[in-house]
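Numbering (this note's numbering), first residue to last: 241 to 309.
Structure, as structure tokens:
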């Protein structure tokens, strides 16, 4: 049981270090926000869109420039 608890603690510790405690707040510009949203997703991984409308006219590739998802 102690080993299982230790593993759970390590998983929780790694997860908390990898992700922020709250999402990055992205405010749309009203123009095509695809590039800016992609950059925010790469930099922060957890993004909340601040607004009711966002314009995405071009596809967003969810990989870094090196091809990493």
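Glycine included, C-beta positions come from ideal geometry on N, C-alpha and C.
Residue span of the alpha helix (DSSP H) that contains residue i, given as start and end
i           : result
residue 282 : 274 to 284
Neighbour-count burial assignment, residue i, 16 or more Cβ in a 10 Å radius
i           : result
residue 280 : buried
residue 271 : exposed
residue 306 : exposed
residue 297 : exposed
Nearest residue (CA-CA) to residue i, options the options
i           : options            : result
residue 295 : 262, 267, 301      : 267
residue 304 : 285, 289, 271      : 285
residue 300 : 275, 269, 291      : 275
residue 292 : 260, 261, 269, 308 : 269
residue 264 : 308, 302, 288      : 288
residue 282 : 273, 302, 298      : 302
Unbroken beta strand (DSSP E) run spanning residue i, endpoints
i           : result
residue 265 : 264 to 266
residue 289 : 287 to 289
Residue i: CB within 6 Å of a non-hydrogen atom of the ligand ZN
i           : result
residue 306 : This structure does not include the ligand ZN; it has no bound ligands of any sort.
Residue(s) in a DSSP beta bridge with residue i
i           : result
residue 295 : 272
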